[in-house]
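K.L.:
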Amino acid sequence: MSGVFVYIENAGGEMASISSEALGVARGVAADLGSSVTAVVIGSGVDGVASAAFDLGADNVIAVDDASLEHYTASAYGPTVTQIVGDGGADVLVAGASTEGRDISAWVSADTGAGLMADAIGVKVDDGRVVATRTVYAGKLLADVSVPEGLQIVTTRNRAFPPAESTGGSGAASSASAVEAAGDAQVVGISQKESGVSLTDASKIVSGGRGVGGPEGFEPVQALADSIGAAMGASRAAVDAGWIPYDHQVGQTGKTVSPDLYIACGISGAIQHQAGMRTSKVIVAINKDSDAPIFGLASYGIVGDLFEVLPALESEFKSRM
Amino acid sequence: MKVVVCVKQTPSTTATFSVSDNVVSWEDTGSGKPNVVNPWDEFCVEEGIRMKENHGASAVVALTAGPEGAVDVLRTSLAMGCTEAFHVADDAIADMDANNNAKVLAAAVNQIGDAQVIICGKQAIDGDSGVTPVLLARELGMTPLTYVSAIKSVDGGSITVERLTEAGQQEVTASLPVVVSVVREINEPRYPSFMGIRKANKAKIPTTNLADLGVEASGSSNVNWGTIYAPAAREGEVEMLSGDVGDQVKALVDRLFEEKVI
Ligand SMILES: Cc1cc2nc3c(=O)[nH]c(=O)nc-3n(C[C@H](O)[C@H](O)[C@H](O)COP(=O)(O)OP(=O)(O)OC[C@H]3O[C@@H](n4cnc5c(N)ncnc54)[C@H](O)[C@@H]3O)c2cc1C
Ligand SMILES: Nc1ncnc2c1ncn2[C@@H]1O[C@H](COP(=O)(O)O)[C@@H](O)[C@H]1O
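Pasting the structure below:
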């Protein structure tokens, strides 16, 4: 079969959004190489994900549908993906750089000796080989990396690439069987996160920092976020103060986000905060100090008290949407 | 039960970088400390120490692979409460790809011997790859348990952990030995005690190199670091919106609609 393989994550019966981005990258690479895209889908009850992969332009889908694979473990999924990629003679394996995609890409890399290009923010083909652009040192530098020989594995950073567009394609997935797990890891319990936009998937984020002054200071931040369907972020100062859970922290030791719109309220813009949000498309800074470093990064700035600006901005949005 | 914690030295978060002839160098004029314990590894050191305090581990060995100066992260780990340290000192490690870096760590773990639980950080802030724990687990033939937010129990030769993923939490049980990577939710790292620092400064730390470990240094990268460069500055200057609050927010919303981000 050879060609470009893409590992598709099953998020409760649907394709994970990061996998549709990875699939888009795989299609681009396959087009440049003049080869095809094979999607690999694993789990229990994955028909929907397999059809979604066809719809988003996969030429082939290999599905491993097995009740024993209902819950993800690296030990069960890793050997199966390794086998499929090996049997298919893949030239390239693409996966999203999620927790699962990082596990799987590392597993295949370890077991095949293939070079791993982790967390790409750009991918192109040069002379028949993939060249991945990745950030190093929290985005202070970029590196163009490649794997000179053999299988090339690349993982794609969340939201660094647009999701694959529908081609209206359809087909029948070929089924493969699960390979015996390596070791005895067993999932003995799961608890699903409450729904709501996750920070890393969000296309809009409104974040609050020390400037919000206390836990209740996040109320106008939340209200503004709600008015435009944004997720809520925070600086480490606000998290460390106990005003908001760590889940919301954006930055070098929090989440790396890349929304279309990032509104920073009462955040000075320390280098570690910037590391997590500097690739946002449009950045708005609201801060009472006109010298705050965040303005050096922002597309639009408002100097003012966030407790006045945020409610005004919220009602302006509401009156125009 | 012996525990090994993998601690990497990385540039500080405030370091500034320059590239010349594709070779990266850095300094930190603010703090004067260009290299630090990888921030994510503070949690793995802490969890290792808690394995001794809460789960009966007999030894907690801090392991690093890096240049000579990386011994500093081992002293910090000892000062926090690790019982031993092990240093693979070799300048060649910096140029290795993740796979070969993991091979070095695996050889060191084997040399240390008899480790039942290996604990890593979630990722190292130099490359933010987060792939070493699985690579290391495969190299050692151990089960990887990544993104662990709680070690629930360790007994009868098995471990139960809680993992944190995009979808929520997963509780997983596996037989030892395992390689665990931990996330920040797992604990609050302690500060080294004064006594701990004094003891750590006097400790004699076993050091080895690649040749003695039997790991090849040459030809050890399957990944070619073509070019390294500074990213282009963000396009355009900031547009400060003026007037009273009403004017400012109106102008801002206009711009955001024009930019099609709303
Ligand atoms: C190893 C390490 C890792 C780190 N990781 C992270 C990370 O992941 N994420 C992160 O964010 N930080 C991180 N930091 C911390 C970082 O250095 C800063 O301390 C932190 O980002 C500051 O948060 P802040 O901007 O909210 O607070 P401050 O720097 O105190 O800024 C508050 C801002 O609010 C403004 N303000 C105050 N009141 C108002 C008001 N009423 N209206 C409008 N503006 C107001 C002030 O002018 C000021 O600019 C890290 C630090 C280290 C050492
Ligand atoms: N050279 C090294 N020495 C010690 N620990 C390491 C080394 N490289 C990676 N690690 C461990 O592996 C984790 C993930 O690293 P990485 O895959 O580089 O992001 C780190 O948090 C460390 O715990």
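So the protein lines, in turn, are chains A and G.
Letter by letter, the first sequence follows residues -6 to 314 in the numbering used here.
Letter by letter, the second sequence follows residues 2 to 263 in the numbering used here.
Using N, Cα and C, we set each Cβ at its ideal position, and we do this for glycine too.
Over what stretch of residues does the alpha helix (DSSP H) that includes residue 45 of chain G continue unbroken?
P.N.:
Your numbering for residue 45 of chain G matches position 44 in the second sequence. Segment 42 to 56, the alpha helix (DSSP H) holding residue 45 of chain G.
K.L.:
Counting only C-beta atoms, is residue 202 of chain A closer than 9 Å to chain G at any point?
P.N.:
Start at 1 with the first residue of the first sequence, and residue 202 of chain A comes out as number 209. It does not; no Cβ of chain G falls within 9 Å.
K.L.:
Please compile the residues from chain G whose C-beta is within a distance smaller than 8 Å of the C-beta of residue 313 of chain A.
P.N.:
Here residue 313 of chain A corresponds to residue number 320 of the first sequence, with the count starting at 1. Here the neighbours are 254, 258.
K.L.:
With 16 as the cutoff for other CB atoms within 10 Å, does residue 66 of chain G come out buried or exposed?
P.N.:
Sequence index remark: in the second sequence, residue 66 of chain G carries index 65 (1-based). Flag for residue 66 of chain G reads buried.
K.L.:
With distances taken from CA atoms, which of A:43, A:22, A:-1, A:20 is nearest residue 7 of chain A?
P.N.:
For this step, residue 7 of chain A is matched to residue 14 along the first sequence. Of A:43, A:22, A:-1, A:20, the residue nearest in Cα terms is A:43.
K.L.:
Could you please give the first and the last residue of the uninterrupted alpha helix (DSSP H) stretch that includes residue 101 of chain G?
P.N.:
Here residue 101 of chain G is taken as the residue at index 100 of the second sequence, counted from 1. Unbroken alpha helix (DSSP H) run through residue 101 of chain G: 99 to 113.
K.L.:
List the residues of chain A whose Cβ lies closer than 8 Å to the Cβ of residue 118 of chain G, in chain order.
P.N.:
Taking the first residue of the second sequence as 1, we reach residue 118 of chain G at position 117. Within chain A, no residue comes near residue 118 of chain G; the closest Cβ sits about 14 Å away, beyond 8 Å.
K.L.:
Using CA atoms only, rank isn't needed, just tell me which of A:147, A:247, A:130, A:82 is closest to residue 229 of chain G.
P.N.:
Here residue 229 of chain G refers to the residue found at position 228 of the second sequence. Checked all of A:147, A:247, A:130, A:82; the closest Cα to residue 229 of chain G is A:130.
K.L.:
Could you round the C-beta distance between residue 48 of chain A and residue 162 of chain A to whole angstroms and report it? I think they count as a contact, below 8 Å.
P.N.:
Walking along the first sequence from the start, residue 48 of chain A turns up at place 55. Walking along the first sequence from the start, residue 162 of chain A turns up at place 169. Indeed they touch by this definition, with Cβ atoms about 6 Å apart.
K.L.:
Quick one: give me the first and last residue of the alpha helix (DSSP H) that residue 70 of chain A is part of.
P.N.:
Along the first sequence, read from residue 1 onward, the residue named residue 70 of chain A stands at position 77. Segment 67 to 80, the alpha helix (DSSP H) holding residue 70 of chain A.
K.L.:
Just to check, is the beta-carbon of residue 55 of chain A closer than 8 Å to a non-hydrogen atom of ligand 1?
P.N.:
Stepping through the first sequence from its first residue, residue 55 of chain A is reached at position 62. No; taking the cut-off as 8 Å, the Cβ of residue 55 of chain A has no heavy atom of ligand 1 nearer than that.
K.L.:
Could you list the residues in the segment 194 to 213 of chain G with a C-beta less than 8 Å from some C-beta on chain A, going in chain order?
P.N.:
Hits within the stretch: zero.
K.L.:
Could you tell me whether the Cβ of residue 192 of chain G comes closer than 9 Å to any Cβ of chain A?
P.N.:
Reading the second sequence from its first residue, position 191 is the one you call residue 192 of chain G. Chain A, which has no Cβ nearer than 9 Å to the Cβ of residue 192 of chain G, makes this no.
K.L.:
In chain G, which residues lie less than 7 Å from residue 108 of chain A when you measure between Cβ atoms?
P.N.:
Residue numbering aside, residue 108 of chain A sits at position 115 when the first sequence is read from its first letter. 98, 223, 224, listed in chain order.
K.L.:
For residue 126 of chain G, which residues in chain A fall below 9 Å Cβ to Cβ?
P.N.:
The residue you call residue 126 of chain G lines up with position 125 of the second sequence. Going along chain A in sequence order, the residues near residue 126 of chain G (Cβ under 9 Å) are 130, 131, 245, 246, 268.
K.L.:
Less than 9 Å between CB atoms is the rule here; does residue 297 of chain A satisfy it with respect to chain G?
P.N.:
In the first sequence, residue 297 of chain A corresponds to position 304, counting from 1. Residue 297 of chain A counts as touching chain G.
K.L.:
Identify each residue in the segment 183 to 194 of chain A for which the Cβ-Cβ distance to at least one residue of chain G is less than 7 Å, and report them in chain order.
P.N.:
Cβ contacts with chain G: 183, 184, 185, 186, 191.
K.L.:
Give every residue of the same chain whose Cβ lies closer than 7 Å to the Cβ of residue 93 of chain A, excluding the five residues on either side of it in the sequence, and list them in chain order.
P.N.:
As a first step, residue 93 of chain A must be located in the first sequence, where it is residue number 100. Taken in chain order, the residues that qualify are 2, 65.
K.L.:
Which residue wins for smallest C-alpha separation from residue 143 of chain A, given the options A:105, A:68, A:255?
P.N.:
Against the first sequence, residue 143 of chain A aligns to sequence position 150. That would be A:105, whose Cα lies nearest to the Cα of residue 143 of chain A.
K.L.:
Between residue 132 of chain G and ligand 2, is there a pair consisting of the residue's CB and a ligand heavy atom that are separated by less than 8 Å?
P.N.:
Reading the second sequence from its first residue, position 131 is the one you call residue 132 of chain G. Yes, Cβ of residue 132 of chain G sits closer than 8 Å to a heavy atom of ligand 2.
K.L.:
If you run the structure through DSSP and keep just helix, strand and coil, what is residue 181 of chain G?
P.N.:
The residue labelled residue 181 of chain G in the question sits at position 180 within the second sequence. It is a strand residue.
K.L.:
Do the segment 234 to 243 of chain G and the segment 281 to 301 of chain A touch if we need at least three Cβ pairs shorter than 8 Å?
P.N.:
They touch, by the three-pair rule.
K.L.:
Mapping DSSP to helix, strand and coil, what is residue 155 of chain A?
P.N.:
In the first sequence, residue 155 of chain A corresponds to position 162, counting from 1. It is coil, neither helix nor strand.
K.L.:
Roughly how many angstroms separate the alpha carbons of residue 13 of chain G and residue 38 of chain A, rounded to a whole number?
P.N.:
Stepping through the second sequence from its first residue, residue 13 of chain G is reached at position 12. Stepping through the first sequence from its first residue, residue 38 of chain A is reached at position 45. Using only the alpha carbons, I get a separation of about 46 Å.
K.L.:
When you compare the CB positions of residue 48 of chain G and residue 181 of chain G, do they come within less than 9 Å of one another, or not?
P.N.:
Counting from 1 along the second sequence, the entry for residue 48 of chain G is found at position 47. Counting from 1 along the second sequence, the entry for residue 181 of chain G is found at position 180. A contact, by the Cβ cut-off of 9 Å.
K.L.:
With 9 Å as the C-beta to C-beta threshold (strictly closer), list the residues of the segment 126 to 143 of chain G near chain A in chain order.
P.N.:
If the cut-off is 9 Å between Cβ atoms, the segment 126 to 143 of chain G has 126, 127, 128, 129, 130, 131, 132, 133, 134, 135, 136, 137, 138, 139, 140, 142, 143 near chain A.
K.L.:
Relative to the C-alpha of residue 80 of chain G, which residue among G:244, G:203, G:261, G:217 is closest?
P.N.:
Mapped onto the second sequence, residue 80 of chain G falls at position 79. Nearest C-alpha to residue 80 of chain G: G:203.
K.L.:
Three or more C-beta pairs closer than 8 Å, one from the segment 164 to 184 of chain A and one from the segment 167 to 175 of chain G: is that the case here?
P.N.:
Yes: at least three Cβ pairs fall under 8 Å.
K.L.:
With a 10 Å radius around its C-beta and 16 neighbouring C-beta atoms as the bar for buried, classify residue 145 of chain G as buried or exposed.
P.N.:
As a position in the second sequence, residue 145 of chain G is number 144, starting the count at 1. Buried, since its Cβ has 16 or more Cβ neighbours within 10 Å.
K.L.:
Among A:70, A:260, A:204, which has the Cα closest to the Cα of residue 174 of chain A?
P.N.:
As a working note, residue 174 of chain A is residue 181 in the first sequence. Of A:70, A:260, A:204, the residue nearest in Cα terms is A:70.
K.L.:
At the 9 Å Cβ level, is residue 20 of chain A part of the contact set with chain G, yes or no?
P.N.:
As a first step, residue 20 of chain A must be located in the first sequence, where it is residue number 27. No, residue 20 of chain A lies away from the interface with chain G (no Cβ there is under 9 Å from its Cβ).
K.L.:
How many angstroms separate the CA atom of residue 146 of chain A from the CA atom of residue 126 of chain A?
P.N.:
For the purposes of this step, residue 146 of chain A is taken as residue 153 along the first sequence, with counting starting at 1. For the purposes of this step, residue 126 of chain A is taken as residue 133 along the first sequence, with counting starting at 1. In a straight line, the C-alpha of residue 146 of chain A is about 13 Å away from that of residue 126 of chain A.
K.L.:
Output yes if chain G places a C-beta closer than 9 Å to the C-beta of residue 309 of chain A; else output no.
P.N.:
Sequence index remark: in the first sequence, residue 309 of chain A carries index 316 (1-based). Chain G contact via Cβ: present.
K.L.:
Please classify residue 210 of chain A as buried or exposed, where buried requires at least 16 other C-beta atoms within 10 Å of its C-beta.
P.N.:
Numbered from 1 along the first sequence, position 217 holds the residue referred to as residue 210 of chain A. Burial call: buried.
K.L.:
Any heavy atom of ligand 2 closer than 8 Å to the beta-carbon of residue 105 of chain G?
P.N.:
Counted from its first residue, the second sequence places residue 105 of chain G at position 104. Correct: residue 105 of chain G has its Cβ closer than 8 Å to ligand 2.
K.L.:
For residue 281 of chain A, decide whether its Cβ has a neighbour in chain G, counting only Cβ atoms nearer than 9 Å.
P.N.:
Residue mapping note: residue 281 of chain A aligns to position 288 of the first sequence, counting from 1. Residue 281 of chain A does not count as touching chain G.
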